[in-house]
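Number of protein chains: 4
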Amino acid sequence: MRDIQSEQDDRNIEIDRVGVKDLSYPISLSDKTHGQQHTIAIVNMSVSLPHHFRGTHMSRFIEVLNRNRRELDIHRLGTILKEMKDVLEAESAHMELEFPYFIEKEAPVSKAQSLMEYKCRFVGSMTDKPHISLGVKVPVLTLCPCSKEISVHGAHNQRGVIDVLVRFKGQLWIEDIIDMVEDCASAKVYSLLKREDEKYITETAYENPTFVEDVVRNVAQRFNETDNITWYRVEVVSFESIHHHNAYAVVSSDD
Amino acid sequence: MRDIQSEQDDRNIEIDRVGVKDLSYPISLSDKTHGQQHTIAIVNMSVSLPHHFRGTHMSRFIEVLNRNRRELDIHRLGTILKEMKDVLEAESAHMELEFPYFIEKEAPVSKAQSLMEYKCRFVGSMTDKPHISLGVKVPVLTLCPCSKEISVHGAHNQRGVIDVLVRFKGQLWIEDIIDMVEDCASAKVYSLLKREDEKYITETAYENPTFVEDVVRNVAQRFNETDNITWYRVEVVSFESIHHHNAYAVVSSDD
Amino acid sequence: MRDIQSEQDDRNIEIDRVGVKDLSYPISLSDKTHGQQHTIAIVNMSVSLPHHFRGTHMSRFIEVLNRNRRELDIHRLGTILKEMKDVLEAESAHMELEFPYFIEKEAPVSKAQSLMEYKCRFVGSMTDKPHISLGVKVPVLTLCPCSKEISVHGAHNQRGVIDVLVRFKGQLWIEDIIDMVEDCASAKVYSLLKREDEKYITETAYENPTFVEDVVRNVAQRFNETDNITWYRVEVVSFESIHHHNAYAVVSSDD
Amino acid sequence: MRDIQSEQDDRNIEIDRVGVKDLSYPISLSDKTHGQQHTIAIVNMSVSLPHHFRGTHMSRFIEVLNRNRRELDIHRLGTILKEMKDVLEAESAHMELEFPYFIEKEAPVSKAQSLMEYKCRFVGSMTDKPHISLGVKVPVLTLCPCSKEISVHGAHNQRGVIDVLVRFKGQLWIEDIIDMVEDCASAKVYSLLKREDEKYITETAYENPTFVEDVVRNVAQRFNETDNITWYRVEVVSFESIHHHNAYAVVSSDD
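Residue numbers (our numbering), protein chains in the order written: chain D, 1 to 255; chain E, 1 to 255; chain V, 1 to 255; chain B, 1 to 255.
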């Protein structure tokens, strides 16, 4: 059969990225506490394409993913990117995986156990050497300092999400990121809370009011003090309870 | 050209609904205050298909919609369903439109004006005579009675949505539904609030704690007392600020 | 602490369903081929609430789910619903789980192996005895019979989804449903295809043109002939390649 | 009342962007053919915040939007960004609007008229002077050259989307972008097609097979030849009919 993809192209335009997108695939990765965690990732994989080739070979992405899915840790991403470059004969490769990750959490007073979901992502690019980022979305509670200050009692509060993306040296677990940022808002959130926990969280939040501006700054300060984080971007979104729209703030470190 | 759709089918299976789905189309409808409102609907249109025909004629749905889009009020839905039945030679027709609808709202203290979005829907079915329902999603604030009761100060609160679907006799405006249900939770929400408004809403919510159970009951009670509402379904979802999941409650009237 | 939820309510309105919604939780279930499959479900759990109680106890839903998550098969759903009724002292209970399920598929010619995702759901309700349904979304290829008939060469084709919900007696695996419905459209779809497979699928689809009307009828016919399926609803959506909207068809068996 | 937002902050961290997000608001903009078009935008507005201020004033974003919503053309975005900088006393301002835009299209043979939706976006940033981009998503049909080449008859095809973002000098209408890119894939798509149009599109697509690689290159070539386009990014996604995942390609011009 004729291999059209390998034929010559004379439009003289190099393609930055070509590949597969929105592929749902089961993967396994290391878990700081339990050894291994099974999850399901939405995967994008792509390579650059020189101007003289007409097309890439899409099926090879799936083969690379299938071969590596049982140990798809962030530390293996470099090896996978290298493999993509090799089998697709490309100068650069790019891969993104977004997946839910679960951590067993203990309620603050009752110590009741349950699992809490954090949406995470790995983002990797490689031309000569791999550049890898780790992303984690941490749900939190934000309580408005202005509302507390001006009101006779109460203060509006709401669910928010701290979305961080970091580059780092050495080892950095998803669990480490969560530990660093989860107490940067007004209170932590949980899947399972008994009444004594609900009291604790309500009061904790009231004593720690935070604007989205405060939350991004608290996280940035924490990351600035963490030696092995070499770059970060922090976005906080707060689903304001008094509005039908959201508040947000973004801080990035210098590149 | 051969008309395959009109050919005979011998599988002897009548099709409940066949048609077009997820079509985005600009429409105009009557507005209680300003005469007319332009919006954009996601439209589903379908008809039943007798067992002996192989297919329907999809392009005719678009033609019907295009002819009626400039006056697409809930009171015209019966006429449109009749037109669908006629041009598609069908025993029954069905149509759903979901669209954002905007109302000019005044902040409670400052009287500052802004526009607030309510997602609405029309649902119509017709075999012999049309059956039409009106749906409205009303964002509100819910403040937890339990959290208020057990905590020294504060109470967790959050955005919620009251989603109602009603059948009615006579005239019933989207604006009427919103007026009836918007004060059934702890406080109303707005697009634009100055500080004096934020104080007012924070305090109002604290004085009116509501579980999702309270909100659905408040709405049901209001609808039970409204003569021209002949049937309803009310669902309340509350985006709990202390959790990463939601609370909900549903009440329907008897059919 | 005062237990507000257990207090009396005098609005005299019984609540159909109250509970938790959109909770993401890891579960394990039986797999026809490999014994067990780990996946992640979006879970809704609710109970009815008599008119004289003010509220339900939301944390108990999470406790029931947490206790049962490691063996969350469709055959255990009755037991879980019973447990929900007991711990929440309710007359009826309701539970829905939606989750991705993966099956190892072999490409039709090359026999290359890969995993393919099917979104599935369990829906259970119980007052006296449990009523359980199994839902599966099966991606397929549909090729338009009209376009093939009227065109000199080619025919427009596209991805579609067959969404079935069935009630059944005895044992029925997700794998069985997929086997029954996957060849009811123009061709099957796969995650990994080599060129010889692509040729095979292109030609198979061209030789088996199907309208959405044909696909729902093919599935309905297959289910009518299957003794242990006691009720079904089939919806087919086709993401028409010549339009920016979709075509769809729905058939239900009599209740 | 105390103005907490204006108080001092000593964490010494400047915030890149703080503001409102996901606000749905009705806007009006110029239409090349009909003078004016009403639509509904999802709006993000933000400003930078110097390290010494604790918070921004969120309500002012809504006031700026409300004042400008009736003439929200891309050419006014600079003025609005300037207004945001002024009322929020900020060094830089940023605004994004995403909205559906409708164009009346004529079917290729029957000349039947209907409206077709294109999702568009304006993206603007301003420190000293405004930098504005225009984004348009154009649905198209892609037909696989490889599938056509290797198969006895037929070729798999599917809906795709060309997503372009451009910077430009002078005047550039949404309609101009659509005209430039809509014929860069295998065929155009429409809301309303009669049978003679379906034949035309099916045959046109079969005669013009395109990989996603071809489509991005065709668009890039067209933009390279257009003098007043000073920068572009083109992404093509194809919802492959033989898979449950998508193919994509991206090309950007040099900055």
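Glycine is no exception: its CB is placed at the ideal position from the N, C-alpha and C atoms.
May I ask you to list the residues that DSSP assigns as paired with P108/E?
Residue numbering aside, residue 108/E sits at position 108 when the second sequence is read from its first letter. DSSP output for P108/E lists no bridge partner at all.
Distance, V212/D Cα to N157/D Cα:
Counted from its first residue, the first sequence places residue 157/D at position 157. Counted from its first residue, the first sequence places residue 212/D at position 212. Going by the C-alpha atoms only, they are around 12 Å apart.
Taking the CB atoms as reference points, tell me whether S24/B and E117/E lie closer together than 8 Å.
As a first step, residue 24/B must be located in the fourth sequence, where it is residue number 24. As a first step, residue 117/E must be located in the second sequence, where it is residue number 117. In this structure, E117/E lies closer than 8 Å to S24/B by Cβ.
Considering only the alpha carbon of each residue, which of T204/D, R167/D, L172/D lies closest to D183/D?
As a first step, residue 183/D must be located in the first sequence, where it is residue number 183. Out of T204/D, R167/D, L172/D, T204/D has the C-alpha closest to the C-alpha of D183/D.
Could you pull the start and end residues of the beta strand (DSSP E) that E213/V belongs to?
The residue labelled residue 213/V in the question sits at position 213 within the third sequence. Unbroken run through E213/V is the alpha helix (DSSP H), 212-224; no beta strand (DSSP E).
Would you check if there are 3 or more beta carbon pairs closer than 8 Å linking the region 2-13 of chain B to the region 172-182 of chain V?
no
Beta-carbon within less than 7 Å of P130/E's beta-carbon, same chain only, minus the 5 sequence neighbours each way: which residues are those?
Translated into positions along the second sequence, residue 130/E becomes position 130. Closer than 7 Å at the Cβ level, and outside the excluded window around P130/E, lie L77, G78, L81, G124.
If we ignore side chains and look at the alpha-carbon of each, how far apart do A155/V and V189/D end up?
Walking along the third sequence from the start, residue 155/V turns up at place 155. Walking along the first sequence from the start, residue 189/D turns up at place 189. Computed Cα separation, rounded: 53 Å.
For G55/V, does the count of other Cβ atoms within 10 angstroms reach 16, so buried, or fall short, so exposed?
Position 55 of the third sequence, counted from the first residue, corresponds to residue 55/V. Counting Cβ neighbours within 10 Å, G55/V comes out buried, since at least 16 surround it.
Reduced DSSP secondary structure (H/G/I, E/B, other) of A187/D
The sequence position of residue 187/D within the first sequence is 187, counting from 1. If DSSP states are grouped into helix, strand and coil, A187/D belongs with the strands.
List the residues of chain B whose Cβ lies closer than 7 Å to the Cβ of H260/E, in chain order.
Because chain E is modelled from 1 through 255, residue 260/E falls outside the range shown and cannot be assessed.
Near A107/D, which residues of its chain fall below 7 Å by C-beta distance, leaving aside the five closest residues on each side in sequence?
The residue labelled residue 107/D in the question sits at position 107 within the first sequence. Around A107/D: Y190, L192, L193, K194, D197.
Closer than 9 Å by beta-carbon distance: list the chain D residues that pair up with Y206/E, in chain order.
Taking the first residue of the second sequence as 1, we reach residue 206/E at position 206. Correct list: S151, V152, H153, G154, A155.
Given this structure, state the Cα-to-Cα distance separating G36/V from Y101/V, to the nearest angstrom.
The residue you call residue 36/V lines up with position 36 of the third sequence. The residue you call residue 101/V lines up with position 101 of the third sequence. A small correction: the amino acid at residue 36/V is Gln; Gly does not occupy that position in the sequence shown. Each residue's Cα considered, the two are about 11 Å apart.
Given a cut-off of 8 Å, decide if V219/E and V161/E are closer than it, judged by their beta-carbon atoms.
By 1-based counting over the second sequence, the position of residue 161/E is 161. By 1-based counting over the second sequence, the position of residue 219/E is 219. It is not a contact, given that the beta carbons lie outside the stated cut-off.
Using DSSP's beta-bridge definition, name the partner residues of T142/E.
What you label residue 142/E is simply residue 142 of the second sequence in a count that begins at 1. Looking at the DSSP assignment, T142/E forms a beta bridge with Q158/E.
Is the region 230-249 of chain B touching the region 82-90 of chain D in the sense that three or more CB pairs, one from each, lie closer than 8 Å?
no
What separation, rounded to the nearest whole angstrom, lies between the Cα atoms of F61/D and A187/V?
The sequence position of residue 61/D within the first sequence is 61, counting from 1. The sequence position of residue 187/V within the third sequence is 187, counting from 1. One C-alpha to the other measures close to 23 Å.
What's the C-alpha gap between E71/B and P26/B?
Working through the fourth sequence from its first residue, we reach residue 71/B at position 71. Working through the fourth sequence from its first residue, we reach residue 26/B at position 26. When rounded, the distance between both Cα atoms is 11 Å.
Please list the terminal residues of the continuous beta strand (DSSP E) segment that includes M116/V.
Locating residue 116/V in the third sequence gives position 116, counting from the first residue. 113-126 is the span of the beta strand (DSSP E), which, as asked, contains M116/V.
8 Å Cβ cutoff met for A112/V and V47/V
By one-based count along the third sequence, residue 112/V stands at place 112. By one-based count along the third sequence, residue 47/V stands at place 47. Going by C-beta atoms, A112/V is not nearer than 8 Å to V47/V.
Where does D86/E fall in DSSP's three states?
Locating residue 86/E in the second sequence gives position 86, where the first residue counts as 1. It is helical.
Alpha helix (DSSP H) containing D179/D: first to last residue?
Against the first sequence, residue 179/D aligns to sequence position 179. Its alpha helix (DSSP H) spans residues 174-181.
Contact set between M116/B and chain V, taken where Cβ atoms lie within less than 8 Å:
As a working mapping, residue 116/B is identified with position 116 in the fourth sequence. Simply H244.
Buried or exposed: where does V152/D fall if 16 or more other Cβ atoms within 10 Å of its Cβ makes it buried?
In the first sequence, residue 152/D corresponds to position 152, counting from 1. Looking at its Cβ environment, which holds fewer than 16 other Cβ atoms inside 10 Å, V152/D is exposed.
Kindly list, in the order they appear in chain V, the residues whose Cβ is closer than 8 Å to that of C146/B.
Reading the fourth sequence from its first residue, position 146 is the one you call residue 146/B. Here the neighbours are R195, E198.
So who's on the other strand from R167/B, going by DSSP bridges?
Counting from one through the fourth sequence, the residue named residue 167/B turns up at place 167. Beta-bridge pairing links R167/B to W231/B.
Straight-line CA distance for V236/E to F168/E?
One-based indexing of the second sequence puts residue 236/E at position 236. One-based indexing of the second sequence puts residue 168/E at position 168. The alpha-carbon atoms of V236/E and F168/E are separated by roughly 21 Å.
Should P139/V be flagged as near chain D, meaning a C-beta pair shorter than 8 Å?
Walking along the third sequence from the start, residue 139/V turns up at place 139. By this cut-off, P139/V is not an interface position.
Would a C-beta distance cut-off of 8 Å place I150/B and K148/V closer than the cut-off?
Along the fourth sequence, one-based indexing puts residue 150/B at 150. Along the third sequence, one-based indexing puts residue 148/V at 148. In this structure, K148/V does not lie closer than 8 Å to I150/B by Cβ.
Beta-carbon contacts of I229/D that lie in its chain and below 7 Å, excluding the five residues immediately before and after:
Against the first sequence, residue 229/D aligns to sequence position 229. Only V166, F168, F223 meet the Cβ criterion.
What are the start and end residues of the alpha helix (DSSP H) that includes T204/V?
For the purposes of this step, residue 204/V is taken as the residue at position 204 of the third sequence. From DSSP, the alpha helix (DSSP H) with T204/V extends over 195-207.
Assumed close pair D73/V, I42/V - CB separation to whole angstroms, cut-off 8 Å
As a first step, residue 73/V is located in the third sequence; it is residue number 73 there, counting from the start. As a first step, residue 42/V is located in the third sequence; it is residue number 42 there, counting from the start. So it is not a contact: roughly 17 Å between Cβ atoms.
Please state whether DSSP places E71/E in a helix, a strand or coil.
Position 71 of the second sequence holds residue 71/E. Reduced to three states, the DSSP call for E71/E is helix.
Can you tell me whether R2/V is buried or exposed? The criterion is at least 16 other CB atoms within 10 Å of its CB, across all chains shown.
Counted from its first residue, the third sequence places residue 2/V at position 2. That one is exposed.
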